[in-house]
Amino acid sequence: MISLSKVFKSFGPIDVLQGVDLSIERGKSMVIIGGSGTGKSVCLKCVLGLIKPDQGLITVDGQDVQTAEREAFLARFGMLFQGGALFDSLPVWQNVAFRLMRGSLKRPKEEARDIAIEKLRRVGLKPEVADKFPAELSGGMQKRVGLARAIAADPEIIFFDEPTTGLDPIMSGVINDLIREIVVEMGATAMTITHDMTSVRAIADDIAMLHNGVIQWTGPVADMDQSGDPYLDQFIHGRAEGPIEAVR
Amino acid sequence: MNFIGMLAHLGRTVMALLAAIGRITLFALNTVKHLFSPPFYGKELFAALVQIGWLSLPVVGLTAFFTGGALALQIYAGGARFNAESVVPSIVAIGMARELGPVLGGLMVAARVSSSIAAEIGTMKVTEQIDALVTLSTNPMKYLTLPRVLAATLAVPILVAVGDAIGIMGGYIVGTERLGFNAAAYLKNTVDFLTLADITSGMVKGAVFGFIVALMGCYFGMNSGRGAQGVGRATKSAVVTSSVMILAANYILTEAFFSA
Ligand SMILES: Nc1ncnc2c1ncn2[C@@H]1O[C@H](COP(=O)(O)OP(=O)(O)O)[C@@H](O)[C@H]1O
Ligand SMILES: [Mg+2]
Chain A
1 MISLSKVFKS
11 FGPIDVLQGV
21 DLSIERGKSM
31 VIIGGSGTGK
41 SVCLKCVLGL
51 IKPDQGLITV
61 DGQDVQTAER
71 EAFLARFGML
81 FQGGALFDSL
91 PVWQNVAFRL
101 MRGSLKRPKE
111 EARDIAIEKL
121 RRVGLKPEVA
131 DKFPAELSGG
141 MQKRVGLARA
151 IAADPEIIFF
161 DEPTTGLDPI
171 MSGVINDLIR
181 EIVVEMGATA
191 MTITHDMTSV
201 RAIADDIAML
211 HNGVIQWTGP
221 VADMDQSGDP
231 YLDQFIHGRA
241 EGPIEAVR
Chain B
1001 MNFIGMLAHL
1011 GRTVMALLAA
1021 IGRITLFALN
1031 TVKHLFSPPF
1041 YGKELFAALV
1051 QIGWLSLPVV
1061 GLTAFFTGGA
1071 LALQIYAGGA
1081 RFNAESVVPS
1091 IVAIGMAREL
1101 GPVLGGLMVA
1111 ARVSSSIAAE
1121 IGTMKVTEQI
1131 DALVTLSTNP
1141 MKYLTLPRVL
1151 AATLAVPILV
1161 AVGDAIGIMG
1171 GYIVGTERLG
1181 FNAAAYLKNT
1191 VDFLTLADIT
1201 SGMVKGAVFG
1211 FIVALMGCYF
1221 GMNSGRGAQG
1231 VGRATKSAVV
1241 TSSVMILAAN
1251 YILTEAFFSA
């Protein structure tokens, strides 16, 4: 359903993506792993059209994302940003219900608020949080509010950029289960970036490893441990020694 | 540096300047374009009106008050050399309405508003909030830029008019309390000399300055570099550029209105 082909992107002298080829099937959960700074977030933003690749083609359902009608295209997506990216001028519930209060999905305020509180509950946040402002929350709570916002309008395609980074192990478990649930129950297509191997095993159908600007290895999660790929092995086991240099 | 090197440097600077003017012009056209297509964000507009108009009143009022007072003292001292002290009321009124009200008001708003807009939008950019807006099917130009630019264009003329009145009052207080003018005569003199055109020309200037201030704040905020340093630079550029543009626009508008 989502396909990237020969995607290149540089920022000035830094070549980030150097020919990424990747495809994600409908209803599958794809996890992207890779060292920090390898361009995983850039990859997701390219699919959303937030960053324009220098070269290459990205399609969703066969349609080029560059030429798609933006409003309809983006209405299918939910995105959790790495830093949360909550609007700090709005209280938590209005952040979560942002899409439900404007544009084509607009509905009455009370209804939007009820949905927001329900989504907050699903990410493990109490209703009291709804009226706080993002700046009053801890980093992990902000992350979960971001997650609630990403799933608020029940999107078909969901991107999670490091959903469990900064969370305690129990909360990570809750979020992993939630992501799995969204994919299984709602039939959504998910693309998740994570460094956390527990998460990988909990939520992935397929994994892809980004290294040196290309997809170094991709395949079903079951094949991960017998891939024979030295890069992937080093990453999975978190070894300092191996083909991936520790100083990047 | 050799001569060719200097020429190349000059060329690059001029090209960069022209490119920036082009980008700002496109940004302005893009902003205005959104005025004609829904959705409109009324709540954002109202918030911006409060922030830019209402909350700027104290700063603009104080500036105008002291300027009016100082102006009265200066004109009195200058006029005394030609036994022309009686011109104080009319020159204070005309000076405030035509030049000092709009220019000083505009500069104070540039300092207060364009910096805060640039810092706010710049921070939103740096923390991916602008990207988040886009993914939530909300156009940042419509949601952030247009309400601020529209609010400033509407509110600054009113600020200027209020500033004019306060400045003239400052002159009046100094004139009657310090310089011994007769209160009734001072007021009559002011009213007799001040024309509607003096006031409206100042308000038109105010509208243009308001547009410039908010536009520069939004432009530099939206194009902010990464990190705290990027936001700092965006804020500085917004204030400096809008101040210079206000003074340049003021000259052009004065030529247009008053050169016979
Ligand atoms: N908007 C940008 N401007 C310049 N450089 C960027 C931008 N976004 C990302 N980069 C650079 O691209 C590289 C990859 O970033 P990113 O995708 O965020 O890494 P990660 O894999 O950790 O998510 C980094 O070197 C980063 O500095
Ligand atoms: Mg990242």
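Going down the list, the protein sequences come from chains A and B.
Taking our numbering, the leading residue of the first sequence gets 1, the next gets one more, and so forth.
Taking our numbering, the leading residue of the second sequence gets 1001, the next gets one more, and so forth.
We put the beta carbon where it would ideally sit given N, CA and C, even for glycine.
Item	Value
As an exercise, report each continuous alpha helix (DSSP H) stretch of at least 4 residues that is fully enclosed by the region 36-96 of chain A, in chain order.	40-48, 70-75 and 92-96
Identify whether residue 1131 of chain B lies in helix, strand or coil by the three-state DSSP scheme.	helix
Closest Cβ-Cβ distance between residue 140 of chain A and chain B: below 9 Å?	no
So what does DSSP say about residue 195 of chain A, is it helix, strand or coil?	coil
Going by C-alpha to C-alpha distance, which of B:1189, B:1166 and B:1056 sits closest to residue 1064 of chain B?	B:1166
Would you tell me roughly how many angstroms separate the C-alpha atoms of residue 250 of chain A and residue 1115 of chain B, rounded to the nearest one?	Not covered by the structure: residue 250 of chain A. The range shown for chain A is 1 to 248.
How about residue 1257 of chain B and residue 1208 of chain B: are their beta carbons less than 9 Å apart?	no
I'd like to know if residue 1116 of chain B contacts chain A, where contact means its C-beta is closer than 9 Å to some C-beta of that chain.	no
Does the Cβ of residue 196 of chain A lie closer than 8 Å to at least one heavy atom of ligand 1?	no
In this structure, does DSSP put residue 1124 of chain B in helix, strand or coil?	helix
Restricting to Cα atoms, I'd like to know which of B:1176, B:1149, B:1233 and B:1009 is closest to residue 1044 of chain B.	B:1149
Can you list, in chain order, the residues of the region 47-70 of chain A whose Cβ is nearer than 7 Å to any Cβ on chain B?	48 and 50
Taking only three categories from DSSP, how would you classify residue 19 of chain A?	strand
Give me, in chain order, the residues of the same chain whose beta-carbon lies closer than 8 Å to that of residue 186 of chain A; leave out the 5 immediate sequence neighbours on both sides.	154
Mind checking which residues open and close the beta strand (DSSP E) that includes residue 209 of chain A?	206-211
Whose Cβ in chain D lies nearer than 9 Å to the Cβ of residue 1146 of chain B?	Included in the structure are the protein chains A and B, with no chain D among them.
Quickly, what does DSSP pair residue 214 of chain A with across the bridge? List them, please.	A:211
Below 8 Å on the Cβ atoms is my contact criterion, and I expect residue 9 of chain A with residue 64 of chain A to pass it. Report the Cβ-Cβ distance as a whole number of Å.	Rounded, the Cβ-Cβ distance is 16 Å, inconsistent with contact.
Taking only the alpha-carbon atoms, compute the straight-line gap between residue 1214 of chain B and residue 226 of chain A and give it to the nearest angstrom.	59 Å
Residues in the region 77-97 of chain A with C-beta within 7 Å of chain B's C-beta atoms, listed in sequence order?	77, 79, 81, 83, 85 and 87
Below 8 Å on the Cβ atoms is my guess for residue 160 of chain A versus residue 193 of chain A; work out the distance and round it to an integer in Å.	7 Å
Apart from the five residues on each side of it in sequence, which residues of its chain come closer than 7 Å, Cβ to Cβ, to residue 1092 of chain B?	1068, 1071, 1072, 1075, 1168 and 1171
Answer yes or no: does any C-beta atom of chain B fall closer than 9 Å to that of residue 74 of chain A?	yes
I'd like to know if residue 9 of chain A contacts chain B, where contact means its C-beta is closer than 9 Å to some C-beta of that chain.	no
With 16 other CB atoms within 10 Å as the buried threshold, where does residue 42 of chain A fall?	buried
Could you check the C-alpha separation between residue 1037 of chain B and residue 212 of chain A for me, to the nearest Å?	44 Å
Three-state secondary structure (DSSP) at residue 177 of chain A?	helix
On a CA-only basis, which of A:191, A:168, A:174 and A:110 is nearest residue 79 of chain A? Give me that one, please.	A:191
Suppose the cutoff is 6 Å on Cβ atoms and the five residues either side in sequence are ignored; what does the same chain contact list for residue 232 of chain A look like?	209 and 217
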